[in-house]
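**Student:**
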């Protein structure tokens, strides 16, 4: 039995404006229509001996992650979640997953740790590397995946291979931090170094034992957090109070660089950790001038550009080596040599306390999503989408009234003392302070236009009386 | 008496996406909040001896032009319009204006012809040049304004000055077409050449007499058109049937290059005909790195860029000499050396029959405007703005129903057999095929959100039963 553990981490600020804190990199939809986390799920689900997949992610991403997995889970892999109220880096996250695997599948079950935001197009080569890793993991080793370098990259850490211990497995001589270009060139030419990919394979108990030995404090802290975590209510959410007292640390620092039973698999598949807009270029179709384009785009006398504009028309004229990305509420133009500096835009927005640093125009909710079409003094217009069978909380607002017009699907509406059905082209008026609820009782998406009127239109003007998602 | 005649011409395709056929260059709002045509109006109205201003423009621009003029007409200049059902170049347009001036103010009244889309910031220098022109016009001359060149420009025609005939006036040796760079350099260094600005000054009768002599066919055609044009209903609209038979020609070709009583005023004011996005840079505030910015913009490590983004957030990172322009529905990125090629985008859009080549997201109407917030199969959402006292036509639709919610102002609504008032936070439902009308009866803008539902949502699904703007 092999249990993939998909871990979702940071916000991917270098991929702003598409990636934001509320809707980060793993959820980005690639030109082929699949999300990055969806591709990772498929990659895991299609491996031999996989029936169960565990995702470790922030509590806020639970519904979105489950939605992504459910929509592509053809093989019917069983999903399980370990949710974090807040992040503590990879070591605690993987330890929690190891506890879960151990309790569910036995301490000898082999875990395959996969970051959610990697691209590996060649499934067969990936399967081969995993086979090699599982073989060593079964022997009690902590296995890391090293990628054979294709260039002297300064953006990754490296691992120096030691003696060969299997077909593709080596002992680890040492881990090295991101090098400068001279060092990177040296590593590249030596043939002895591989990129540190952040993917791992080991038995649950082997990892926990290693953690206890290499980072005893951290082991004690996360063990305590795990024992305080309620296991009855799914999805499982790590106990916040005790998680607060857990040291944040990476698996490399906490375990891999200190343990003595570490091996590295030398893998030669195409591997992309999508660290920047230029790293993403590879997944776009390119024209004869090297322009990678997705969306509604007109390119005139330009070359080697990346243009992503799914929600509006973009024209580029006479430019080279430029990245243009349009999201629903923002445009970013950056030279390809400066894509690392996109994070400075996010820092600026954060300093200015602007919502665009973390929020998108379309906000996801457990029941669906809403998009602000227009917002100004006195009124706001939203498009609201509710998934089949889902229901917003029973709620009321103290400062606004709402006009609902159904434009797709069938709703059941609670409006004050009345409960009734609303179909396309029908509307209702929710008075200020009236208790109301919206439920999709049809088999397809419910869509409505909501016109809000009032002196205050903030999202925090809501009193939730009942909620099927535990938010009341 | 001096009568400025403001003429509006082409679509300004080099300034896409802000300038479009339905809302062209003269209406562009500059960073100081004024439109280009508004600035032209002010320039004319502030001249000495001006009480009347005539605008010659396409019929479709009448309401918008009047709105622009009314909003800034502090001095209370009297407005008059000569509207063209379609354009026939400058000679017929100016001839029609000359007939109008002659009939209204006598044949010796002096006309000052000003294209709507020029910028001349120095009013006092402009007034001085106009004084010089009027002096010669009073003597029966056809006066053109030549701008003293500040560089060897290849984008303008030139005029060679002959003998001096007044303080700033010269006879004209010859008109020359746009030169190549070698010729332009020669003209520039000689000191004998000025740029042909397209501004003119003459008595109405002097111009008409010259036209009769230099282009007798055109004179006969436009005279016939004028005599067939109804003078009773204002605004005056040139008779379409007879205008069709008028030869299209420019005033330079038809008159100025052939007449013998032509003079040129040598003018040294700053003059900008806004031929491209780079020409517009001058009117933006610039930062220390030479970036000209208007709107919601973040600039990081970039220089010499022009960024116009009034309706959304734009971030630029690490780029130089790039123009980025965002309109409500489109983004354009062009290198400063290629701004002339922006027209190729418009040509491409036209070939693809896309609305963005001519229409903006906000569509102007005589009664106000509407903006499409979202449009998809089965429904469309619009924000509608109605000016005080204005009224949409009494109308009905065969394929759609409409839900109206008032979000600002006060409306009088006709809905089937009922007429009633609607205030903010009130709504009404217009059934398919129901006769309806919307009127702003308040003192401020009426704003409403319209949700349309139906199987066909085109603007042409409208039967107008009554219309105060003559469109029924």
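Chains as they are written, first to last, in this note's numbering: chain W, 8 to 479; chain A, 8 to 479.
From the three backbone atoms N, C-alpha and C, an ideal C-beta is built for every residue, glycine too.
(1) Whose Cβ in chain W lies nearer than 8 Å to the Cβ of residue 338 of chain A?
(2) Does any C-beta atom of chain A lie closer than 8 Å to the C-beta of residue 17 of chain W?
(3) Going along the stretch 407 to 424 of chain A in order, which residues come within less than 7 Å of chain W, judged by CB to CB distance?
(4) Kindly indicate which residue of W:359, W:343, W:303 has the alpha-carbon position closest to the one of residue 355 of chain A.
(5) Give, in chain order, every residue of the stretch 428 to 441 of chain W whose Cβ lies closer than 8 Å to some Cβ of chain A.
(6) Examine chain A for any beta-carbon lying closer than 8 Å to the beta-carbon of residue 348 of chain W, and answer yes or no.
(7) I need the boundaries of the beta strand (DSSP E) containing residue 524 of chain W, first residue and last residue.
(8) Examine chain W for any beta-carbon lying closer than 8 Å to the beta-carbon of residue 305 of chain A, and answer yes or no.
(9) Could you list the residues in the stretch 279 to 292 of chain A with a C-beta less than 8 Å from some C-beta on chain W, going in chain order?
(10) Chain A partners of residue 445 of chain W, CB-CB under 8 Å?
(11) With residue 208 of chain A and residue 150 of chain A assumed to form a contact (beta carbons below 8 Å), what rounded beta-carbon distance in angstroms separates them?
(12) Can you list, in chain order, the residues of its chain whose CB lies under 7 Å from that of residue 252 of chain A, leaving out five sequence neighbours each side?
(13) Who are the Cβ neighbours of residue 478 of chain A in its own chain at under 7 Å, not counting the five residues just before and after it?
(14) Listed from N- to C-terminal order along the chain, which residues in the stretch 342 to 370 of chain W have their beta-carbon within a distance smaller than 7 Å of any beta-carbon of chain A?
(15) For the stretch 393 to 404 of chain W, list every residue whose C-beta sits within 7 Å of some C-beta in chain A, in sequence order.
(16) What residue range is occupied by the uninterrupted alpha helix (DSSP H) comprising residue 99 of chain A?
(17) My output table needs one value for residue 367 of chain A: the three-state DSSP class, helix, strand or coil.
(18) So, with DSSP's three-state summary, where would you put residue 468 of chain W?
(19) Less than 6 Å between C-beta atoms, sequence neighbours within five positions excluded: which residues of the same chain meet that for residue 290 of chain W?
(20) Which residues does DSSP pair with residue 377 of chain A in a beta bridge?
(21) Check the Cβ of residue 465 of chain A against every Cβ in chain W and list those closer than 7 Å, keeping chain order.
(22) Could you list which residues in chain A have their beta carbon closer than 8 Å to that of residue 325 of chain W, in chain order?
(23) Output yes if chain A places a C-beta closer than 8 Å to the C-beta of residue 385 of chain W; else output no.
(24) What residue range does the alpha helix (DSSP H) around residue 215 of chain W cover?
(25) To the nearest angstrom, how far is the alpha carbon of residue 297 of chain W from that of residue 306 of chain W?
(26) Against chain W, does residue 196 of chain A count as a neighbour if the rule is that its beta carbon must be under 8 Å from one of theirs?
(27) Write down every uninterrupted run of the beta strand (DSSP E) in the stretch 376 to 461 of chain A whose length is 3 residues or greater and which is fully enclosed by it, in chain order.
(28) When you compare the stretch 439 to 452 of chain A with the stretch 406 to 415 of chain A, are there three or more beta-carbon pairs, one atom per stretch, that lie closer than 8 Å?
(29) Near residue 364 of chain A, what residues of its chain come up, given a Cβ to Cβ distance below 6 Å and the 5 sequence neighbours on each side ignored?
(30) Mind reading off the beta-carbon distance from residue 468 of chain A to residue 405 of chain A? Whole number of angstroms is fine, and I expect it under 8 Å.
(31) Could you list which residues in chain A have their beta carbon closer than 7 Å to that of residue 308 of chain W, in chain order?
(32) If you count every other CB in all the chains shown that lies within 10 Å of the CB of residue 383 of chain A, and 16 or more means buried, which is it?
(33) Which residues in the same chain have their Cβ closer than 6 Å to the Cβ of residue 132 of chain W, if we skip the five residues on either side of it in sequence?
(34) Mind pulling the chain D residues with CB within less than 7 Å of residue 390 of chain A?
(35) Is it true that the CB of residue 221 of chain W sits closer than 8 Å to the CB of residue 265 of chain W?
(36) What span of residues does the alpha helix (DSSP H) with residue 142 of chain A cover, start to end?
**Tutor:** Once the coordinates are examined:
(1) 316, 319, 320, 321, 322, 331, 333, 338
(2) No, no contact with chain A.
(3) Considering only beta carbons, the part of the stretch 407 to 424 of chain A lying closer than 7 Å to chain W consists of 408, 410, 412, 414, 415, in chain order.
(4) W:303
(5) 431, 432, 434, 436
(6) yes
(7) Missing from the structure shown is residue 524 of chain W; chain W here goes from 8 to 479 and no further.
(8) yes
(9) Flagged: no residues at all.
(10) Going along chain A, no residue has its Cβ under 8 Å from residue 445 of chain W, so there is no contact; the nearest lies around 16 Å.
(11) Right, their Cβ atoms sit about 4 Å apart.
(12) Excluding positions up to five away in sequence, the list reads 228.
(13) These residues qualify, in order along the chain: 400, 471.
(14) 342, 344, 345, 348, 349, 351, 352, 355, 363
(15) none
(16) 97 to 112
(17) coil
(18) coil
(19) 37
(20) A:370, A:391
(21) For the C-beta of residue 465 of chain A, not a single chain W residue is nearer than 7 Å; the gap to the nearest is close to 17 Å.
(22) 341, 342, 344, 345, 348
(23) yes
(24) 211 to 221 is the extent of the alpha helix (DSSP H) around residue 215 of chain W.
(25) 11 Å
(26) no
(27) 386 to 393, 401 to 403, 407 to 415, 418 to 422, 425 to 429, 434 to 437, 443 to 447, 453 to 461
(28) They touch, by the three-pair rule.
(29) Once the five neighbours on either side are set aside, the close Cβ partners of residue 364 of chain A are 353, 356, 357.
(30) 6 Å
(31) 345, 348
(32) exposed
(33) The answer, listed in chain order, is 276.
(34) Of the protein chains in the structure, W and A, none is chain D.
(35) yes
(36) For residue 142 of chain A, the uninterrupted alpha helix (DSSP H) run begins and ends at 130 to 145, by DSSP.
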